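Heads up: the sequence shown begins at 1004 in our numbering, then just goes up one per residue. Glycine included, every Cβ here is placed at the ideal spot set by N, Cα and C. From a predicted model like this one, the values you see are computed outputs, not experimental measurements. Heads up, the thing below is written out as structure tokens.
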Amino acid sequence: MKSEILIIHPDQKSIQSLTNFFNERGDQVQYAATSAQALPFITQTNPELIFLNLHSSDDDWHQVLSPLRQQTNHPKIIFTANYPDP
């Protein structure tokens, strides 16, 4: 079954690795480097799964979580972090 997936991560290599994996499964992947860039995707596509990096450049991941409370279908969220921490 095809899923809508959103990746919010500032590192292009991480985005590409996850995108390749999910595209091979047939899933639809959107990505954004910051939480602010991700907001339109969240409201327009209603993703089923979100990868949310806690160390994005704007560091405002709360922006992503707030609109999700308004939705009836709540996505699964996987929090990621840079290692080692910057």
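Fully contained in the region 1019 to 1066 are the following alpha helix (DSSP H) runs of length 4 or more, in chain order: 1038 to 1048.
In the pairwise beta carbon analysis, the region 1025 to 1039 is classified as not touching the region 1069 to 1083: fewer than three pairs are separated by under 8 Å. The DSSP-derived three-state label of Lys-1005 is coil. Counting only residues of its own chain and dropping the five nearest sequence neighbours on each side, Gly-1029 has a CB closer than 7 Å to the CB of Lys-1005. Straight-line spacing of the CA atoms in Gln-1066 and Leu-1021 works out to 22 Å. Excluding the 5 residues flanking it on each side, Ile-1010 has same chain C-beta neighbours closer than 6 Å at Ile-1018, Leu-1021, Tyr-1034, Phe-1054, in chain order.
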